[in-house]
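Student: The sequence shown: position 174 = 175 (our numbering), numbered continuously. Every residue gets a Cβ at the ideal spot worked out from N, C-alpha and C, and that includes glycine. Got a structure for you, written out below as structure tokens; questions coming shortly.
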Amino acid sequence: MFKINFLNDLFVNFFQAINRSILNIIPNNNVSYGLSIIVLTIIIRMILLPLNVKQIKSSLMMSKVGPEVKKLQTKYKSDPQKLQQETMKLYKEKGVNPLGGCLPLLIQYPILIALYYVFSTLAINGIGFLWIHDLSKSATMSDWTSWILPVISGATTYFSGMLMSSTAVDKAQAKQTSTMNIVMSIVLFYMSLRFNAALVLYWVTGNIVQILQTTLVMKMVANKINNEENENKIAAESSVTIDNKDIVKNKRNKKRNSDKINNN
């Protein structure tokens, strides 16, 4: 409980500090609170960026070794224990952590819970932002504009998940991931209808930042992995060439020695 309260208080104080800074520049609560949520979200996402990079790298590496894992599954289909040993051996050789993508997801949940507390505690009743009439209220049937943010929440959740599903190993996994992505988008849309607009604004902003980060990081990580593979391939080819040269040299030396013996 102490840890949860500490996290809640930390976010409350941090958010208020951001809001005061923005109010000094733009003295309007209907602007400052919304901007504070966006700034807070960007800061959180930047802090989580190293973990997201690790998650993306893990997903890309998993997709790279996917064909080799398939071969092992076919080879040891009647021996699950041997299959597990060989699979873990392959992961170790390739530097793949199958659980590497879990940590960023796990960390986001306590942050989301803390922010739910933050936006429930702060006095934001009647404060709006852009088309949002009241950041403290959830969507209502009487105000169709209040549904815009939940729709964007579901859509951005889908596109964010779709980017990660592009690293799926095979068609079956890609289809399963796509189905889960659709389900998650629907669930988040429904939850966004229930949560107050401030928390949904945080989620939408986080999704947009996540989409941008994932797009850029995937390109960078993919290029890095390809460069490392090319370097390893060149090194292996160079090693083979050197070995071949040594073999040829040894053969020549043996022939010379043989000729000397025959001449003697």
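Strictly under 8 Å for the Cβ-Cβ distance: is residue 30 near chain B by that measure?
Tutor: Reference to chain B is not applicable here, since this structure consists of a single protein chain.
Student: So the alpha helix (DSSP H) residue 33 belongs to, where does it begin and stop?
Tutor: In the sequence shown, counting from the first residue as 1, residue 33 sits at position 32. That run of the alpha helix (DSSP H) goes 30-76.
Student: Provide the residue(s) that pair with residue 178 in DSSP beta bridges, ordered along the chain.
Tutor: Looking up residue 178 in the sequence shown gives position 177. For residue 178, which the question treats as bridged, DSSP gives no partner whatsoever.
Student: Any chance you could list the alpha helix (DSSP H) runs of at least 4 consecutive residues sitting entirely within the stretch 177-206, in chain order?
Tutor: Those alpha helix (DSSP H) runs which fall completely within the stretch 177-206 and span 4+ residues do not exist here.
Student: Could you tell me whether the stretch 176-192 touches the stretch 20-37, using the rule of 3 or more Cβ pairs below 8 Å?
Tutor: Segments in contact, no.
Student: At the level of alpha carbons, what is the spacing between residue 162 and residue 44?
Tutor: The residue given as residue 162 occupies position 161 in the sequence shown. The residue given as residue 44 occupies position 43 in the sequence shown. So the alpha carbons of these two residues sit roughly 21 Å apart.
Student: By DSSP's criteria, residue 130 is part of a beta bridge. Which residues make up the other side?
Tutor: Along the sequence shown, read from residue 1 onward, the residue named residue 130 stands at position 129. Answer is 133.
Student: Do you know whose CA, among 11, 32 and 12, lies nearest residue 132's CA?
Tutor: In the sequence shown, the residue the question calls residue 132 occupies position 131. Of 11, 32 and 12, the residue nearest in Cα terms is 32.
Student: Give a yes or no on whether the C-beta atoms belonging to residue 136 and residue 35 are separated by under 8 Å.
Tutor: By 1-based counting over the sequence shown, the position of residue 136 is 135. By 1-based counting over the sequence shown, the position of residue 35 is 34. Contact: yes.
Student: Can residue 57 and residue 210 be called in contact, C-beta distance under 8 Å?
Tutor: Translated into the one-based positions of the sequence shown, residue 57 becomes position 56. Translated into the one-based positions of the sequence shown, residue 210 becomes position 209. No, they are not a contact pair.
Student: For residue 141, which beta-bridge partners are listed by DSSP?
Tutor: Mapped onto the sequence shown, residue 141 falls at position 140. Residue 141 pairs with 144.
Student: Assign residue 23 to one of three DSSP states: helix, strand, or coil.
Tutor: Taking the sequence shown and counting its residues from 1, one reaches residue 23 at position 22. Note: residue 23 maps to helix in three-state DSSP.
Student: Which of the three DSSP states is assigned to residue 97 in this structure?
Tutor: On the sequence shown, position 96 is the one that residue 97 refers to. If DSSP states are grouped into helix, strand and coil, residue 97 belongs with coil.
Student: Report yes if the C-beta distance between residue 212 and residue 164 is below 8 Å; otherwise report no.
Tutor: Within the sequence shown, residue 212 is the residue found at index 211, counting from 1. Within the sequence shown, residue 164 is the residue found at index 163, counting from 1. It is a contact, given that the beta carbons lie within the stated cut-off.
Student: Tell me the rounded alpha-carbon separation between residue 16 and residue 220.
Tutor: Walking along the sequence shown from the start, residue 16 turns up at place 15. Walking along the sequence shown from the start, residue 220 turns up at place 219. Approximately 33 Å, taken between the alpha carbons.
Student: Using only the alpha-carbon positions, how far apart do residue 130 and residue 75 sit?
Tutor: Residue numbering aside, residue 130 sits at position 129 when the sequence shown is read from its first letter. Residue numbering aside, residue 75 sits at position 74 when the sequence shown is read from its first letter. Their Cα atoms are separated by approximately 56 Å.
Student: I need the straight-line Cα distance from residue 77 to residue 93, nearest angstrom please.
Tutor: Within the sequence shown, residue 77 is the residue found at index 76, counting from 1. Within the sequence shown, residue 93 is the residue found at index 92, counting from 1. Taking the straight line from one Cα to the other gives about 18 Å.
Student: Helix, strand or coil for residue 125, going by three-state DSSP, please let me know.
Tutor: Mapped onto the sequence shown, residue 125 falls at position 124. Residue 125: coil per DSSP, three-state reduction.
Student: Could you compute how far the alpha carbon of residue 147 sits from the alpha carbon of residue 125?
Tutor: By one-based count along the sequence shown, residue 147 stands at place 146. By one-based count along the sequence shown, residue 125 stands at place 124. Approximately 16 Å, taken between the alpha carbons.
Student: For my contact list, residue 52 and residue 112 are in at a C-beta cut-off of 8 Å; report their separation, rounded to the angstrom.
Tutor: On the sequence shown, position 51 is the one that residue 52 refers to. On the sequence shown, position 111 is the one that residue 112 refers to. Their Cβ separation, rounded to whole angstroms, is 12 Å, which puts residue 52 and residue 112 out of contact at 8 Å.
Student: In terms of alpha-carbon separation, which member of 224, 215, 200 and 222 lies closest to residue 37?
Tutor: Within the sequence shown, numbered from 1, the residue matching residue 37 stands at position 36. The shortest C-alpha separation from residue 37 is found at 200.
Student: By how many angstroms is the C-alpha of residue 29 removed from the C-alpha of residue 180?
Tutor: Here the question's residue 180 lines up with position 179 in the sequence shown. Here the question's residue 29 lines up with position 28 in the sequence shown. Their backbone Cα atoms lie some 43 Å apart in a straight line.
Student: Please return the same chain residues whose Cβ sits closer than 7 Å to the Cβ of residue 122, not counting the five positions on each side in sequence.
Tutor: Numbered from its first residue, the sequence shown carries residue 122 at position 121. Excluding sequence neighbours, residue 122 sits near 13.
Student: If you reduce the DSSP assignment to three classes, tell me which class residue 154 lands in.
Tutor: The count along the sequence shown starts at 1 and reaches residue 154 at position 153. Looking at residue 154 - three-state DSSP - the assignment turns out to be helix.
Student: I'd like the list of long-range same chain contacts for residue 195, defined as Cβ closer than 6 Å, with 5 residues on each side in sequence excluded.
Tutor: On the sequence shown, position 194 is the one that residue 195 refers to. Correct list, in chain order: 139.
Student: For residue 184, does the count of other Cβ atoms within 10 angstroms reach 16, so buried, or fall short, so exposed?
Tutor: If you number the sequence shown from 1, residue 184 lands on position 183. With fewer than 16 Cβ atoms within 10 Å of its Cβ, residue 184 is classed as exposed.
Student: Is residue 161 helix, strand or coil when you go by DSSP?
Tutor: In the sequence shown, counting from the first residue as 1, residue 161 sits at position 160. In the structure shown, residue 161 sits in a helix (DSSP, three-state: H, G or I).
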